[in-house]
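As given, the protein sequences belong to chains U and V, one line each in that order. Numbers 1 to 316, taken from my numbering, label the letters of the first sequence in order. Numbers 1001 to 1543, taken from my numbering, label the letters of the second sequence in order. The beta-carbon is built from N, C-alpha and C at its ideal position, and this holds for glycine as well. Here is the structure we will look at, set down as structure tokens.
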Amino acid sequence: MSGFLRIQAIEKRWRDGVTVGPISLDIAQGEILSLLGPSGSGKTTMLRLLAGFESADGGRVAVAGEDVTAVPPAQRRFGMVFQHYALFPHLDVGENVGFGLQGRANQKVSEALALVDLAGYEKRKVHELSGGQQQRVALARALAPEPRVLLLDEPLSNLDPALRERTRHELREVIKRVGITTVFVTHEQEEAFDLGDRIAVINQGRLEQVGAPDELYEHPVNLFVATFVGRANVFRGKAARALGANGNGVLVVRPERLRFAGAGLPGVVRERRYIGAAAFFVVEDDEHERFEVLAEPDAAKVGERVYVEATRVIAL
Amino acid sequence: MTVRLRRSEIAAAALMLLLAWLVIYPILIVGAEAAHPTALRDFLTRPGEWAALWASVWISLVSVILAAAIGIPLAFLFEWFDFPGRKTLGALIALPVVLPPLVGVIAFLFLYGESGFVARAIQSLLHLQNAPWRLQGAAAILLVHAYSMYVYFYLFTRAGLAKLDVSMLEAAQALGADRRATLWRVIVPLLRPSLVGAAMLTFMTALGSFSAPYIFGGGFRVMTTQIVATKLNGDLPLAMVETVALALVAVAGLVILRRTEGDDILVALGKGIAPRPRPIQRAGVRRLATIAGWALAVLLLLPHLTLILVSLVPYGAWTTEILPPVINLDNYRRLFSEPERLRPMWNSLWMASVSTAVAVALALAAGWLVVRRRVALRRAIEALLALPWALPGTVFAIALAITFSVHAPLQLRFVLVGTAVILPLAYLVRGLPLTGRGILAAYRQLDPSLEEAAASLGAGRWRTLTRVTLPQLKPGLAAGASLAFVAGLGDIVASIVLYTYETRPVSIEILSSLRLAETGVAAAFGVVVMLVSAVVLGVGARR
């Protein structure tokens, strides 16, 4: 795959000894890449390195073959949507969207607003808009100058949960319609999966794994990715062997890949959390380790002695 | 419920009438009595009157420009760049605000005046016959104004910059704006309310400034000194016309500046993070910034230091030498041992304390009625509290002098001039906007559910007030009260019009010491006032 946006061994060394990188990534034209990691993992630093707000201490960034590592943000032609949107409060919606355009560009402003379904909002004051509308204005403003790459810094974190899912789909739809290469930062796995074509998992400044959602979920390369992406039970020693591990390896099993059976790992059901179509059963094994089983709501009762077997395991 | 509502409305009406009697009534009386044909003709035909009025206007405008030219770059330097000593220097250069105007002016006199420290040094270094300059006229006034009023621009701009959201600047950059475009299209518009606020404060302070033109003006008259001179000459009708003219200029200035302020659009849209100060990378530049910063701090501290030095020189001991030959505590000893000298100090202290206490009480009542009870008269009460800020102190001094020198109980006019009541009353009027603003702002930030929580836990009104409300209001209350106290302690504008020998405050004593060439005693008074002010403001600013 030839990268449209190529990140080669980019690195940022902070004064207090914290280092982000070196990280290398290739992002194809029109692809949406999610940068996923816990807070403090360095994903926002990565995004700011791409935007040019932080200067890299090593490595390079190239777009369509052009090295932009030393290009200041104003000339980089990367659009950015900020976490709190950073809409200019002294300008109206139209002036915000037109900020990055040359001269009077009413046509382009209304096109950009139409793209995010806010046609006719030009004269509205920014603080009169709802959170979701502000987010869309920020997106329109970033897209209006036709940037080469779009960067999004947790653009959904300021919205209430009910709105978040719908906005997520609208966001993906707009990005795909424009066809712009996009890097998106989030700390929520569901968001990363839903929005990204591929996901790059970052932890403690290092890139742990890059891949499509199902690849990360089914084939995590290490324990961090396995437990950070999705729910995971971790088994070691005797319990792992009871589920089919050979040797002393660590076994990761998703709750939906465990089921109650006649034989296998013995334990007692301690809790049942009913979620509608199914229920999570918290089982405690004889070593007093607890794990979760996702099964039919009436598959077991609290206090019942059960045996658990795995239908699919991830051996690490 | 309706009964309680009615009761607070009655209380609000009473408070409004009291404030109106204090704040508006005297002004109205001056306005009415100024309509005096001879006085009006005198004012309109004498060129000196127009010259003084015009001088007030242009001195104030140039003061705004000078203060902005010094204060704004300093604010950017200290808010955006990091260099050794940034924190200490950043606090030090806000110092002129601590000095009551009169103390600042005499400190300036001792430092840069024609027989001041600097002039003396140059004279003896170059073996000149006479002092190298005379610090007099418009230039001297502007120098003092620039020195003391840049602080408004410095503090307001710094506060505005600290509120800037760094992602705003980054957003502008990401949209292709270079540094200059970011400055003019984003930073300046966002700073506008701060800049207009500073300009307004500077303009009003300069327009009302009395000490600098009084001490340094010489033949150069501005309206404030003109009014006092006319009053001392006994031409009361003319003084009233002049007062009205000055008040009109102040109101016009406020209206024009208000218009440029624009709507208060800067509703925070997100939690902004202010830009971090950038370390200066190049060692040479950093050293230069550090040296320049310290040199500036010394320059700004020099008047304070000179004042202290002069206060240590006994009477007649310092004639032509560059440095004083004798230094001791004689002046302070005289100040604290001679009852006649101690008296003005006590006068000022008790008058400032009483006026501050009353100003706090009125502001607390106003806060409760305006914010909590949301009485119908809330806008009127707020406007009355703020009004004295909008007019120069001389205007109020004359208005009080006219209103309260007549015995007419039916018109609510009593003879208070010449009694011990009139000066505290004048200080109270000047202190109301300060305590009012601090306490109202604090009341607005106070979550009403705190008081409801206290009530639900069984606390009565008194207990709620003392255990919950007042502790929560403390920062705003302390800030407002300390400013009002310091303003009263150092006041000269009202004092020079209204004092009697028995109630003469420390500022009048400083002036008469200067007139008797007792510079050491005057400086010692200045140092005491400066220290008390600094301590009170320091306590008031503590969170």
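Can you tell me which of the three DSSP states residue i falls into?
i	result
residue 69 of chain U	coil
residue 291 of chain U	strand
residue 24 of chain U	strand
residue 1315 of chain V	coil
residue 1472 of chain V	helix
residue 10 of chain U	strand
residue 1322 of chain V	coil
residue 4 of chain U	coil
residue 1279 of chain V	strand
residue 252 of chain U	strand
residue 1425 of chain V	helix
residue 1265 of chain V	Bear in mind that a pLDDT of 46 at residue 1265 of chain V, under 50, signals an unreliable position, so the number given afterwards is only what the model happens to contain. Reduced to three states, the DSSP call for residue 1265 of chain V is coil.
residue 283 of chain U	strand
residue 33 of chain U	strand
residue 1048 of chain V	helix
residue 266 of chain U	strand
residue 214 of chain U	helix
residue 228 of chain U	helix
residue 1023 of chain V	helix
Output yes or no for whether 8 Å exceeds the beta carbon distance between residue i and residue j.
i	j	result
residue 250 of chain U	residue 316 of chain U	yes
residue 1431 of chain V	residue 1359 of chain V	yes
residue 1148 of chain V	residue 1104 of chain V	yes
residue 205 of chain U	residue 103 of chain U	no
residue 318 of chain U	residue 233 of chain U	Limits of chain U in this structure are 1 at one end and 316 at the other, which puts residue 318 of chain U out of reach.
residue 95 of chain U	residue 57 of chain U	no
residue 51 of chain U	residue 88 of chain U	no
residue 1529 of chain V	residue 1482 of chain V	no
residue 1282 of chain V	residue 1080 of chain V	no
residue 280 of chain U	residue 289 of chain U	no
residue 1448 of chain V	residue 90 of chain U	no
residue 243 of chain U	residue 144 of chain U	no
residue 92 of chain U	residue 124 of chain U	yes
residue 226 of chain U	residue 259 of chain U	no
residue 1525 of chain V	residue 1502 of chain V	no
Using the rule of at least 16 other Cβ atoms within 10 Å of the residue's Cβ for burial, across every protein chain shown, is residue i buried or exposed?
i	result
residue 109 of chain U	buried
residue 1152 of chain V	buried
residue 142 of chain U	buried
residue 1264 of chain V	With a pLDDT of only 49 at residue 1264 of chain V, under 50, the local geometry of the prediction cannot be trusted, and no value is derived from it.
residue 1184 of chain V	exposed
residue 1268 of chain V	Bear in mind that a pLDDT of 45 at residue 1268 of chain V, under 50, signals an unreliable position, so the number given afterwards is only what the model happens to contain. Classification of residue 1268 of chain V: exposed, given that the 10 Å Cβ count is below 16.
residue 1029 of chain V	buried
residue 1423 of chain V	buried
residue 950 of chain V	Nothing can be reported for residue 950 of chain V: it is not among the residues displayed for chain V, which extend from 1001 to 1543.
residue 67 of chain U	exposed
residue 1303 of chain V	buried
residue 1019 of chain V	buried
residue 16 of chain U	exposed
residue 1050 of chain V	exposed
residue 1318 of chain V	buried
residue 1038 of chain V	exposed
If residue i sits next to residue j, beta carbons under 8 Å apart, how far is it from one beta carbon to the other, in whole angstroms?
i	j	result
residue 63 of chain U	residue 149 of chain U	6 Å
residue 55 of chain U	residue 196 of chain U	In fact, because the Cβ distance is near 27 Å, the residues do not count as touching under 8 Å.
residue 37 of chain U	residue 187 of chain U	7 Å
residue 1206 of chain V	residue 1059 of chain V	6 Å
residue 308 of chain U	residue 261 of chain U	7 Å
residue 74 of chain U	residue 1472 of chain V	Incorrect: roughly 46 Å between the Cβ atoms, too far for contact.
residue 1215 of chain V	residue 1109 of chain V	6 Å
query = Can we say the segment 1485-1504 of chain V touches the segment 1215-1233 of chain V, given the rule of at least three CB pairs closer than 8 Å?
reply = Between the segment 1485-1504 of chain V and the segment 1215-1233 of chain V there are three or more C-beta pairs closer than 8 Å, enough to call the two in contact.
ask   = Quick check: the segment 1196-1211 of chain V against the segment 1358-1370 of chain V, are there 3 or more CB pairs under 8 Å?
value = no
inquiry  = Between the segment 1139-1147 of chain V and the segment 110-126 of chain U, can you find at least three pairs of beta-carbon atoms closer than 8 Å?
reply    = no
key: Contact the segment 1202-1216 of chain V vs the segment 1179-1194 of chain V: 3+ CB pairs below 8 Å   = no
ask   = So does the segment 1344-1358 of chain V actually touch the segment 295-306 of chain U, counting three or more Cβ pairs closer than 8 Å?
value = no
query = Does the segment 1232-1240 of chain V come close enough to the segment 1385-1393 of chain V that 3 or more CB-CB pairs lie under 8 Å?
reply = Touching, no.
ask   = Looking at C-beta atoms only, is the number of pairs between the segment 1509-1525 of chain V and the segment 1396-1411 of chain V that lie closer than 8 Å three or more?
value = no
key: Under 7 Å (Cβ pairs) to chain C, residues found in the segment 76-93 of chain U   = Of the chains in the structure shown, none is chain C; the protein chains are U and V.
ask   = With a cut-off of 8 Å, do at least 3 Cβ pairs link the segment 1313-1327 of chain V to the segment 1110-1127 of chain V?
value = yes
query = Contact between the segment 1374-1391 of chain V and the segment 1028-1044 of chain V: three or more CB pairs below 8 Å?
reply = no
query = Can we say the segment 1292-1307 of chain V touches the segment 1085-1103 of chain V, given the rule of at least three CB pairs closer than 8 Å?
reply = yes
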